[in-house]
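**Student:**
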Amino acid sequence: MATRTIKVDYLARVEGEASLKLVVRDGRVDQAQLSIFEPPRFFEAMLRDRDFTEAPDITARICGICPVAYQMSSVHAMENALGVTVDGPLRALRRLLYCGEWIESHTLHVYMLHAPDFLGYEGSVEMARDHGDLVRRGLDLKKAGNEIVALLGGREIHPINVRVGGFYRVPTKRDLAPLAERLKRAREAALATVQWTAGFDFPDRERDYTFVSVSHPDEYPFNEGRIVSNRGLDIATADYDSHFVESHEQHSTALYAQMRDGGSYLLGPLARYALNHDRLRPLAREAARDAGLGPVCRNPYRSIVVRAVEVLQACDEAIALIEAYEEPDHPAVAITPRAGIGFGATEAPRGMLFHRYRLDDDGSIAEARIIPPTSQNQASIEEDLANYAEGFLDLPDEALRHRCEQTVRNYDPCISCATHFLRLEVDRG
Amino acid sequence: MAKAPRKPKLAVWKFASCDGCQLSLLDCEDELLAVAGAVDIAYFPEATRAKVGGPYDLSLVEGSVTTPHDAERIQEVRRHSKTLVTIGACATAGGIQALRNAADVEDYLAVVYARPEYIKTLATSTPIADHVPVDFELRGCPISKRQLIEVLSAFLAGRKPVTPAHSVCMECKLRGNVCVMVAHGTPCLGPATHAGCGAICPSYDRGCYGCFGPKETPNTEALSAGLSALGLEKRDIRRLYSTFNAGAAPFRDEAKRHGD
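First to last, the sequence lines map onto chains B and Y. Be aware that the first sequence starts at 1, since it is given in our numbering, and climbs by one per residue. Be aware that the second sequence starts at 430, since it is given in our numbering, and climbs by one per residue.
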């Protein structure tokens, strides 16, 4: 029997450590495995017996790429447990902060991690030698996102200003005004990014995914809403555990999440876009249409275009939030500790991030559960490899390996989150 | 014409960490292309697939040692590196994951994983300097990108980086902040914490939580006395010292002094 094995021992341009293994038997993919060998750090165990107020700072350290997502899911879960609602300008500031992280993280992925696959470079520094202006545009756009996070959060990575109930200090209207001007320039760059990525050459591959995302009646989803799918799922965040289940496979230090009724699902830009297309701001919706995206996109290689559309959405939304901002009377809502269980699901750049906490009377954490987007996407990534690689088997090993890596990078996997990095092993016999 | 001098080879290595400190390099949006022009980025998998073999003139190491495999790998990294600089609290103090050092790792495994037998881990999370000689340690959770650029510039110029080891209090004074502890009674680790962040937390009306780790010769005992005078209980004080630099000796010992 002809067997061919393709391996990538350490997957580059993803955040974290993982490897890939593809086993081909007689021209068919027999096995596709994404192994995450990021060393485990045991956050859920470390959170026990910490104060509820410590969760946003501690969980941020799960991921240096999307710390805001961890802070947001944790504060929402805590507020849910403690019976507190944060609305008005504080809610708007949280959305603004999240816009900053989307712009920063998505632009990093689009320009520095993913575009080099389409243009034939090893990385963005190599790409800059031929396309200096493009890379500089990307860096400037990314910087605009970081400037939002730095102003509102105190610094770009592991911001210090988020707390359960709101913020430690809120900006004045005057603090934010220069940022709006800056973002208008970024919005132009984001629009150009949509047009640029739309012109890439995409492999023609589609699957009928189960898309899952947070969904809000009036807004493109960030912080709150119900959990919905394109197969009729429509549940409160508190019911997550009744519909999703995690399991542990030997080849990975990240847990796999699946629907309880069996089957993988896909989180992130493609899912959010398909499930919330009509809630995009008009500018982003028009740009998507002009880029040739229908209301649903099932080609994961095109996720780079959807990511660019979401950067445009976030720039436009951030400008609107700043223009409507009125300084709140207090930087945070007062909170009294009590026993309870709380749930939070928010949209990290790479997909829905779920937190659940059980608190004791004094506000100490008795139990914590965190389900990052990349562990939820793991099964879908492996299915993409199994389904799509077959059409690429005529490629020589190195080109096939590269194509498989690109297939994983479609997901912008954050393996530090899912625990972390990629090796590709292709076994062709 | 004389041949241009060879550019120094830079490698970036990851151990147990969140990726945030190496991301700081990509977050230097204004300097990144200049850095890429001054050094040969020989190994930086988060940024590029390209790989150039060692030896490396400068290795930046992020993360702590938490697995048997990583304990061996760091030896190899050291062998291939002329200068080795550790970046961030995981690499310099073991990171937040060093909380396991005072706990039962079997219990940690059972809390997180359904099949603990699939996981290979050490009972401790330790800084890189516990395993190999380190040429320079850059503090912070995360590091400051301004200080990272200083480390790279100093390396290129062949001088020692300037990263003062005094306390966050000095930075607060330089910024003209009102002391949050004296004026507002907010618990603050600033007096015992290594400078470098620019006193961000007090500038945002919150107390420092020590993410740059202990300063040189900190008087943690006096600070803890001040914290209890503000009404903090033993447990609160223990928690305050037990975060991202929980493995750094002065913080670890002070937390232990406030044990049950």
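C-beta: ideal position from N, C-alpha, C; glycine also. All values derive from a computational prediction rather than experimental measurement.
Is the shortest distance between the beta-carbon of P40(B) and the beta-carbons of chain Y less than 7 Å?
**Tutor:** So yes, P40(B) belongs to the interface.
**Student:** Only counting runs of 4 or more residues, tell me where the alpha helix (DSSP H) segments fall wholly within the region 227-297 of chain B, in order along the chain.
**Tutor:** Runs of the alpha helix (DSSP H) inside the region 227-297 of chain B: 240-243, 269-276, 282-290.
**Student:** With a 10 Å radius around its C-beta and 16 neighbouring C-beta atoms as the bar for buried, classify D133(B) as buried or exposed.
**Tutor:** Exposed, by the Cβ-count rule.
**Student:** In chain B, which residues lie less than 8 Å from E458(Y) when you measure between Cβ atoms?
**Tutor:** Correct list: L139, D140, K142, K143, N146.
**Student:** Return no unless some Cβ of chain B is closer than 7 Å to the Cβ of R667(Y).
**Tutor:** No, no contact with chain B.
**Student:** Mapping the DSSP letters down to three states, classify K439(B) as helix, strand or coil.
**Tutor:** With chain B covering 1 to 429 only, the question about residue 439(B) has no answer from this structure.
**Student:** Measure the Cβ-Cβ separation of S453(Y) and L577(Y) and say whether it is below 7 Å.
**Tutor:** Yes; because the gap between Cβ atoms is below 7 Å, this pair is in contact.
**Student:** Under DSSP, the alpha helix (DSSP H) around A186(B) begins and ends at which residues?
**Tutor:** Here the alpha helix (DSSP H) through A186(B) covers 173-198.
**Student:** Counting only Cβ pairs nearer than 9 Å, list the residues of chain Y close to Y168(B).
**Tutor:** Chain Y residues near Y168(B): C630, Y633, D634, R635.
**Student:** What in chain B is Cβ-close to G483(Y), meaning under 7 Å?
**Tutor:** In chain order: nothing, as chain B lies at least about 15 Å away.
**Student:** Quick one: which chain B residues come within Cβ less than 7 Å of P571(Y)?
**Tutor:** In chain order: G64, I157, H158.
**Student:** Return the chain-ordered list of same chain residues with a C-beta closer than 8 Å to the C-beta of H131(B), the five sequence neighbours on each side being excluded.
**Tutor:** Hits under 8 Å: L119.
**Student:** Here's the rule I'm using: 16 or more other beta-carbon atoms within 10 Å means buried, otherwise exposed. How should F673(Y) be labelled?
**Tutor:** Buried: at least 16 other Cβ atoms inside 10 Å.
**Student:** So with CB distances below 7 Å, who are the chain Y contacts of V125(B)?
**Tutor:** What V125(B) touches in chain Y: A465, I470, A476, T477.
**Student:** Under 7 Å, Cβ to Cβ, is there at least one residue of chain Y near M46(B)?
**Tutor:** Judged by the 7 Å Cβ criterion, M46(B) is in contact with chain Y.
**Student:** Nearest to G523(Y) by CA position, among V534(Y), A440(Y), P556(Y), is which residue?
**Tutor:** Taking only the C-alpha atoms, the option nearest G523(Y) is P556(Y).
**Student:** Verify whether the separation of the beta carbon atoms of P331(B) and F167(B) is less than 7 Å.
**Tutor:** Yes, the pair counts as a contact, with Cβ atoms nearer than the cut-off.
**Student:** Just the chain B side, please: which residues come within less than 8 Å of Y537(Y) by C-beta, in chain order?
**Tutor:** In chain order: F42, A45, M46.
**Student:** Can you tell me where the beta strand (DSSP E) holding T659(Y) begins and where it ends?
**Tutor:** The residue you asked about is not Thr; residue 659(Y) is Leu in the sequence shown. That residue, L659(Y), is in no beta strand (DSSP E); it is neither H nor E in DSSP.
**Student:** Find the residues of chain B that neighbour R486(Y), judging by a C-beta separation of less than 9 Å, and give them in chain order.
**Tutor:** In the sequence under discussion, the amino acid at residue 486(Y) is Asp, which differs from the Arg named in the question. Those do not exist, as D486(Y) stays about 17 Å from chain B at its closest Cβ, beyond 9 Å.
**Student:** Using 7 Å as the threshold, is the C-beta distance between P474(Y) and Y10(B) below it?
**Tutor:** A contact, by the Cβ cut-off of 7 Å.
**Student:** E398(B) to Y472(Y), Cα distance in whole Å?
**Tutor:** Roughly 19 Å between the two C-alpha positions.
**Student:** In whole angstroms, what is the alpha-carbon distance linking D218(B) and G145(B)?
**Tutor:** Those two C-alpha atoms are separated by around 23 Å.
**Student:** Quick check on DSSP: helix, strand or coil for A445(Y)?
**Tutor:** A445(Y): strand per DSSP, three-state reduction.
**Student:** What's the C-alpha gap between V441(Y) and G232(B)?
**Tutor:** Taking the straight line from one Cα to the other gives about 45 Å.
**Student:** Kindly say whether N377(B), judged by its beta-carbon, lies nearer than 7 Å to any beta-carbon of chain A.
**Tutor:** No chain A appears in the structure shown, which is made up of the protein chains B and Y.
**Student:** Measure the alpha-carbon distance for A386(B) versus E188(B) and round it to whole angstroms.
**Tutor:** Distance between the alpha carbons of A386(B) and E188(B): 38 Å.
**Student:** Between which residues of its own chain and P616(Y) is the CB-CB distance below 8 Å, once the five residues before and five after are set aside?
**Tutor:** Taken in chain order, the residues that qualify are M610, G636, L656, L659, L661, D665, L669.
**Student:** For A32(B), which residues does DSSP report across the bridge?
**Tutor:** Its beta-bridge partners are L22(B).
**Student:** Skipping 5 residues on each side, what residues in its chain have a beta carbon closer than 7 Å to that of R307(B)?
**Tutor:** Around R307(B): H106, H109, V110, P269.
**Student:** Report buried or exposed for V296(B), applying the criterion of at least 16 other Cβ atoms within 10 angstroms of its Cβ.
**Tutor:** Exposed is the call here.
**Student:** If we ignore side chains and look at the alpha-carbon of each, how far apart do V333(B) and L93(B) end up?
**Tutor:** About 14 Å.
**Student:** Using only the alpha-carbon positions, how far apart do W102(B) and A2(B) sit?
**Tutor:** Each residue's Cα considered, the two are about 45 Å apart.
**Student:** Any idea what DSSP makes of I103(B), helix, strand or coil?
**Tutor:** In the structure shown, I103(B) sits in a helix (DSSP, three-state: H, G or I).
**Student:** Got a sec? Which residues, its chain only, sit under 7 Å from G294(B) by beta carbon, not counting five neighbours each side?
**Tutor:** Cβ neighbours of G294(B) beyond the five flanking positions: none.
**Student:** Which of the three DSSP states is assigned to C315(B) in this structure?
**Tutor:** Helix, per DSSP.
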